[in-house]
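Protein chains: 2
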Amino acid sequence: MARITCIGTGNVGRAWAVVFARAGHAVALYDAQPDLALNVAMPRIRRTLKELAEAMPTGETAEAVASRIEVHATIADAVRNADYVQESVREDVAVKRSVFAEIADAAPHQCLLASSTSALPGSAFLSAIVHPERAFVAHPVNPPSHIPLVELCGTGATSAEALGAAQNLLSAAGMEPIIVRKEIDGFILNRLQYTMVAEAMHLIGEGYCTAEDIDRVVTSGLALRWASIGPFMTAHLNATGGFAGFVEQLGPMMKRMGQDAKTDYDWGPQQVAEIHEWLASQLPVDDIAEAQAWRDRRILATRAMQKSDDGVGKAKKPEPETF
Amino acid sequence: MARITCIGTGNVGRAWAVVFARAGHAVALYDAQPDLALNVAMPRIRRTLKELAEAMPTGETAEAVASRIEVHATIADAVRNADYVQESVREDVAVKRSVFAEIADAAPHQCLLASSTSALPGSAFLSAIVHPERAFVAHPVNPPSHIPLVELCGTGATSAEALGAAQNLLSAAGMEPIIVRKEIDGFILNRLQYTMVAEAMHLIGEGYCTAEDIDRVVTSGLALRWASIGPFMTAHLNATGGFAGFVEQLGPMMKRMGQDAKTDYDWGPQQVAEIHEWLASQLPVDDIAEAQAWRDRRILATRAMQKSDDGVGKAKKPEPETF
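Chains A and B, in that order, are what the protein sequence lines are. Numbering (our numbering) for the first sequence: 804 to 1126. Numbering (our numbering) for the second sequence: 804 to 1126.
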């Protein structure tokens, strides 16, 4: 059991508190508005813990888990004995700098310091703190209480030991961290996602298909494989010679598709309005909050489906007898 | 009940026969090597029918379904009374031209004529036949017995009526057809897939991450949403203002990711070899055939998961009470 501090109690910070508390850790919670942490964040955290206790039981009640979360009134109090701090405040480099200066001064020197930033390079606010070798980005997918992927990315100053320790701690908490080896805008997940969306915007904009078609291609086509195996294992299974054989046969097609893609397509407001209109006809904007809860239940259903096969689908080594 | 003819009994042709027979249609099967159709294709079709009878029961036994499939010795015999012909022969434009000339001459004039091609534009071999208005591409995802998405694409000569009738027939058979409005290399699914893979090859080639990381980002990140909702509905649910609000906040990031993507990245054999080595360490090439069967079972598990929520996740109109 480690002592974890979550700084910031928005959607992301609350979900992190859920992750760490469910993993058995003691969680110190801090928000610049302490009454928000107590009166808004804690009730929502309890609700999420209840939902997860049903959908992905750990053997503990939601209340038992919640009892390990404690709200603190200052950053210094919250981080004083911490082993790991996860910051999830506003995406503003000046705010992050100031918060991390305070965290770094008050936390033990060996305490790991992680930022949830998705929009900023960690080096912009983590390099100048006391002991910068312990600080890095741990970029979650929202909400990390439901989606296990985490992208760890060091600054130039981060030590390999700190990243390794974070990887161990997060894996033990049920997350699936990858290490991004150099800073890059958008990290990996958003680059993949928005590269595909960019080509989709091109195909829609040039009249080949609609946004509805794109969504159907993904849910009724691509994702039926990707829910169990990623794009590289998919290719490996698509040729008798494995990936090398696949590239031998279809490498020219792969290169052609990449060269033909127009991911810099300059879509405009009219195209956005038409897509929004279709989406709103399927799901009115007023129903989005409820639909988010539905989406999160579907995420858990997909994870349960994945686990029903012992995770073989997640590009781990398949046991021969499984096949 | 319609009379469907499947020309070609490779992986794709066999899977089409399974789709149409399970939907209650009479299926005429033809292969240039009639003994292959009888002695290789039919036993494999029976095996797939048995697996599907367990995983996605229709109320009929596999044998009852198989009894509706009949092997014919000539194309003329196979298509003489057909309502719909699905061609799945070799991806060779001269072969397709010759096969479609024969089909078009012998089939009734109102019979729909579909090609499974994934690599050729339909106009290259469907425009010059007798009654070209009834001919189009119906590009499946392999295997169509398990993956419902189909991409319909007309040539310049195809009538809207033919495409509409094909859409109805395929939908009634449990498939999910989209209509690609203009010919485009790779149609939609492969363009999306290989645009994302191209950016992944760039990120791996430039040392940001590994192929293992990419596969994990997809299975433990992106696909947890995409198994239920496509990328546009995902964005719609990610902002209180829906898609329009999402683009207002994150449009600049979307454009930046698209502009920064290097989908024309010139990956080489060394990179392919390294990726193959990792994949083969996870799944030896000798185990691929067994792994394909496992993958197809996972596809059915994912579809069962999707259906467990009445298909709300597939960008259909959600019923308010579901939320």
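We put the CB at the ideal spot given by N, CA and C, even for glycine.
Which residues in chain B sit within 7 Å of residue i, going by Cβ to Cβ distance?
| i | result |
| --- | --- |
| His1079 (chain A) | Gly1045, Phe1046 and Ala1047 |
| Phe939 (chain A) | Within chain B, no residue comes near Phe939 (chain A); the closest Cβ sits about 15 Å away, beyond 7 Å. |
Tell me whether residue i is buried or exposed, calling it buried when 16 or more other Cβ atoms sit within 10 Å of its Cβ.
| i | result |
| --- | --- |
| Arg817 (chain B) | buried |
| His828 (chain B) | buried |
| Asn971 (chain B) | exposed |
| Pro846 (chain A) | exposed |
| His1039 (chain B) | buried |
| Ser1023 (chain B) | buried |
| Thr1105 (chain B) | buried |
| Thr812 (chain B) | buried |
| Gln1109 (chain A) | buried |
| Ala975 (chain A) | exposed |
| Gly1116 (chain B) | Only weak support is given to the placement of Gly1116 (chain B): the predicted model assigns it a pLDDT of 41, under 50, and the question is left unresolved by the model. |
| Ser918 (chain B) | buried |
| Ala985 (chain A) | A quick correction: the sequence has Lys, not Ala, at residue 985 (chain A). Classification of Lys985 (chain A): exposed, given that the 10 Å Cβ count is below 16. |
| Asp838 (chain A) | exposed |
| Gly957 (chain B) | buried |
For a contact meaning CB atoms closer than 7 Å, what does residue i contact in chain A?
| i | result |
| --- | --- |
| Gly816 (chain B) | Result: empty, since nearest Cβ-Cβ is about 17 Å, beyond 7 Å. |
| Glu979 (chain B) | Arg1019 and Ser1023 |
| Pro951 (chain B) | Ser1023 |
| Gln1095 (chain B) | Leu1040 |
| Asp834 (chain B) | Under the 7 Å cutoff, chain A gives no residues; its nearest Cβ is about 20 Å from Asp834 (chain B). |
Interface residues of chain A around residue i at Cβ under 8 Å?
| i | result |
| --- | --- |
| Asn993 (chain B) | Met1056 and Met1060 |
| Ile987 (chain B) | Leu1006 and Tyr1011 |
| Thr1105 (chain B) | Ala1026, Leu1027, Ala1030, Ser1031, Thr1105 and Met1108 |
Indicate whether residue i and residue j have their beta-carbon atoms separated by less than 8 Å.
| i | j | result |
| --- | --- | --- |
| Asp886 (chain A) | Ala805 (chain A) | yes |
| Phe928 (chain A) | Leu966 (chain A) | no |
| Ala963 (chain A) | Val953 (chain A) | no |
| Arg994 (chain B) | Glu1015 (chain A) | no |
| Leu916 (chain A) | Ala904 (chain A) | no |
| Gly1045 (chain A) | Glu1051 (chain A) | no |
| His801 (chain B) | Leu852 (chain B) | A query on residue 801 (chain B) cannot be resolved here, the shown segment of chain B reaching from 804 to 1126 and no further. |
| Ala824 (chain A) | His875 (chain A) | no |
| Leu923 (chain B) | Glu894 (chain B) | yes |
| Phe1035 (chain B) | Ile1091 (chain A) | no |
| Ser921 (chain B) | Gly959 (chain B) | no |
| Trp1070 (chain A) | Met1004 (chain A) | yes |
| Arg1028 (chain A) | Arg1098 (chain B) | yes |
| Val1075 (chain B) | Ala1047 (chain A) | yes |
| Leu992 (chain B) | Val1020 (chain A) | yes |
| Tyr1011 (chain B) | Ile987 (chain A) | yes |
Taking just the CA atoms, how far does residue j sit from residue i?
| i | j | result |
| --- | --- | --- |
| Ala1042 (chain A) | Phe990 (chain B) | 21 Å |
| Tyr997 (chain B) | Met1060 (chain A) | 6 Å |
| Glu979 (chain A) | Thr877 (chain A) | 31 Å |
| Thr1013 (chain A) | Ser901 (chain A) | 45 Å |
| Gln1095 (chain B) | Ala1030 (chain B) | 19 Å |
| Thr861 (chain B) | Ser1084 (chain B) | 39 Å |
| Arg849 (chain B) | Leu973 (chain B) | 21 Å |
| Val892 (chain B) | Val1000 (chain A) | 33 Å |
| Val822 (chain B) | Val983 (chain B) | 21 Å |
| His912 (chain A) | Ala931 (chain A) | 14 Å |
| Asn945 (chain B) | Leu841 (chain B) | 22 Å |
| Trp819 (chain B) | Ser870 (chain A) | 56 Å |
| Ala865 (chain A) | Asn814 (chain A) | 18 Å |
| Ile1078 (chain B) | Ala835 (chain A) | 46 Å |
| Gly1033 (chain B) | Cys809 (chain B) | 31 Å |
| Gly1114 (chain B) | Ala910 (chain A) | For Gly1114 (chain B), the predicted structure reports a pLDDT of 39, less than 50, and the residue's modelled location is therefore unreliable. A value from the coordinates is still provided. If you take the alpha carbons of Gly1114 (chain B) and Ala910 (chain A), they lie about 49 Å apart. |
| Asp1089 (chain B) | Arg1100 (chain B) | 19 Å |
| Pro1055 (chain A) | Ala858 (chain A) | 45 Å |
| Asn884 (chain A) | Val898 (chain A) | 23 Å |
Starting from residue i, find everything on chain A with Cβ-Cβ shorter than 9 Å and list it in chain order.
| i | result |
| --- | --- |
| His912 (chain B) | The contacting residues do not exist; His912 (chain B) stays about 30 Å from chain A at best. |
| Ala1083 (chain B) | His1039, Gly1045, Phe1046 and Ala1047 |
| Arg1098 (chain B) | Arg1028, Ser1031, Ile1032, Met1036, Thr1037, Leu1040 and Gly1116 |
What does residue i reach in chain B if we use C-beta pairs closer than 9 Å?
| i | result |
| --- | --- |
| Met845 (chain A) | Going along chain B, no residue has its Cβ under 9 Å from Met845 (chain A), so there is no contact; the nearest lies around 22 Å. |
| Leu855 (chain A) | Correct list: empty, because the minimum Cβ distance to chain B is about 15 Å. |
Could you list which residues in chain B have their beta carbon closer than 8 Å to that of residue i, in chain order?
| i | result |
| --- | --- |
| Pro1034 (chain A) | Gln996, Met999, Val1000, Ala1003, Ile1017, Asp1018 and Val1021 |
| Leu955 (chain A) | Per Cβ cutoff of 8 Å: no residues; Leu955 (chain A) is ~10 Å from chain B at best. |
| Val1075 (chain A) | Phe1046, Ala1047, Val1050 and Gly1054 |
| Tyr887 (chain A) | Residues of chain B passing the Cβ test: none, with the nearest at roughly 21 Å. |
Tell me whether residue i, by its Cβ, gets closer than 7 Å to a heavy atom of the ligand MG.
| i | result |
| --- | --- |
| Gly1008 (chain B) | The ligand content of the structure shown is nil, which means the ligand MG is not present either. |
| field | Complete beta strand (DSSP E) runs within the region 858-939 of chain B (minimum length 3 residues, chain order) | value | 872-875, 887-890 and 915-918
| request: Please list the segments of the beta strand (DSSP E) lying wholly inside the region 804-855 of chain A, counting only runs of 3 or more residues, in order along the chain. | output: 806-810 and 829-833
| task | List in chain order: all unbroken alpha helix (DSSP H) runs of 4+ residues lying wholly within the region 991-1035 of chain B. | result | 992-1008, 1014-1020 and 1026-1029
| 3-residue-minimum beta strand (DSSP E) runs that sit fully inside the region 1066-1116 of chain A, ordered along the chain | none
| query | Which runs of the beta strand (DSSP E), 3 residues or longer, sit entirely within the region 945-984 of chain A? | reply | 952-957 and 979-983
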